[in-house]
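*Asks:*
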Amino acid sequence: MIQAVIFNLESTLLDPGGRGLIQGMLDIFRWKGVQVTEEQVSHGRGLPIRDHIANVLGLSEVRKKWLECFGTHPGRTDIEHIYLELVPVLRSLIQGAEPAIGIDKALHELQDRRIQSGATTACPMELLGPIFTPAQSPYTLDCIVAPCEVSQGRPYPWMIYDIAHRLQVFPLSDIVKVGDTAADMQEGRNAGVWTVGVLNQNKSALTAAQTSSPEIDDRVAEERRRQSVYGLKRAGAHIVMNSIGDLPRILREIEMLQHTGGYPSYTKQVKTAMMPPS
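Each residue of the sequence shown is one higher than the last, beginning at 163 in this note's numbering.
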């Protein structure tokens, strides 16, 4: 039986799909005079924030544009500068982000069934504040762990191990990890827990050509959904669901798998990308 569910905090429960984070990074790069795309700044989303920035700066096209703008390749100092500029954006997102659709239904189900809940995050603990406490929400999380509390964040499994230890949950095959990024899927599979991907339900901005007809909108939406499902499955998701509100049904499916001998297989550790050289 499932004993605990561990969520991605900042882009699965809050700010679904990380739209606010992506827009914040786009704005920072634009202020610096470096034009990047939404796809580029999404590269590495879900990793600890500095690692996410390092992944973006490590892209060949971004490094080329940075070199053209500043005359040098980006290094660790640039990662830190971007991080410090991003901190106010992150704080604003966490304090005022729109919760995911279906979050109340999911957390209510966990409390009714006495399943413990936790969350791992890409953000530093000092930015989290009073999230999912009785003063902020009728539903609370039992445990939140940030990368600074362990040796390394996603995709390493240490935050999940820490939560399992704090909640006294064993075996790990009785834990479900829920997230919307490849890093979440890798974190869950590296920890040996059931790993569930959740699709981004926010509507991305469409170009004028794409909004010319409902048929085009539907085709674009379906193609994006297909790519999202494929990406999460490729990263290690056992199951992909449309929204957090589907979690009660997914938990029943996993428990049926458990009853028939199903077990979340272990995969090798997936390392984070190297930071750009100084």
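Glycine residues also receive a C-beta, built at the ideal position from the N, C-alpha and C atoms.
With DSSP collapsed to three states, give me the class of Val218.
*Replies:* Correct three-state label for Val218: helix.
*Asks:* When you compare only the Cα positions, how much space is there between Asp324 and Asp380?
*Replies:* Each residue's Cα considered, the two are about 42 Å apart.
*Asks:* Rounded to the nearest angstrom, how far is the Cβ of Ile345 from that of Gly208, given a contact under 8 Å?
*Replies:* Position check: residue 345 holds Ala in this sequence, whereas Ile was assumed. Sure, about 3 Å apart at Cβ, within 8 Å.
*Asks:* Could you tell me whether the segment 256-272 touches the segment 326-338, using the rule of 3 or more Cβ pairs below 8 Å?
*Replies:* Cβ pair count under 8 Å is below three, so no.
*Asks:* Roughly how many whole angstroms lie between the Cα atoms of Ala297 and Gly280?
*Replies:* In this prediction, Ala297 has a pLDDT of 49, which is less than 50 and means its spatial position is unreliable; what the coordinates show is noted afterwards. Their backbone Cα atoms lie some 18 Å apart in a straight line.
*Asks:* Once DSSP output is grouped into helix, strand and coil, what is the label at Met187?
*Replies:* Of the three classes helix, strand and coil, the one that applies to Met187 here is helix, per DSSP.
*Asks:* What is the rounded straight-line gap between the Cα of Ile164 and the Cα of Leu171?
*Replies:* Computed Cα separation, rounded: 20 Å.
*Asks:* In the DSSP assignment, the alpha helix (DSSP H) including Asn170 goes from what residue to what residue?
*Replies:* Where Asn170 is concerned, there is no enclosing alpha helix (DSSP H), although the beta strand (DSSP E) it sits in stretches over 166-170.
*Asks:* With Thr357 as the anchor, note down where its beta strand (DSSP E) starts and where it stops.
*Replies:* 356-360 is the extent of the beta strand (DSSP E) around Thr357.
*Asks:* On the three-state DSSP scale, how would you describe Ala262?
*Replies:* Ala262: coil per DSSP, three-state reduction.
*Asks:* Please return the same chain residues whose Cβ sits closer than 6 Å to the Cβ of Ala371, not counting the five positions on each side in sequence.
*Replies:* Interpretation of Ala371 is limited by its pLDDT of 41, a score under 50 that renders its predicted location unreliable; no figure is taken from the coordinates.
*Asks:* What are the boundary residues of the beta strand (DSSP E) that includes Gln278?
*Replies:* Unbroken beta strand (DSSP E) run through Gln278: 278-282.
*Asks:* With a Cβ-Cβ cutoff of 8 Å, do Val203 and Leu188 count as a contact?
*Replies:* Yes. Within cutoff.
*Asks:* Report the option in Gln420, Gly258, Met287, Ile277 whose CA atom is closest to the CA atom of Ile211.
*Replies:* It is Met287.
*Asks:* How many whole angstroms separate the CB atoms of Gly264 and Gly359, which I take to be in contact at a CB cut-off of 8 Å?
*Replies:* At roughly 15 Å, the Cβ-Cβ gap does not stay under 8 Å, so Gly264 and Gly359 are not in contact.
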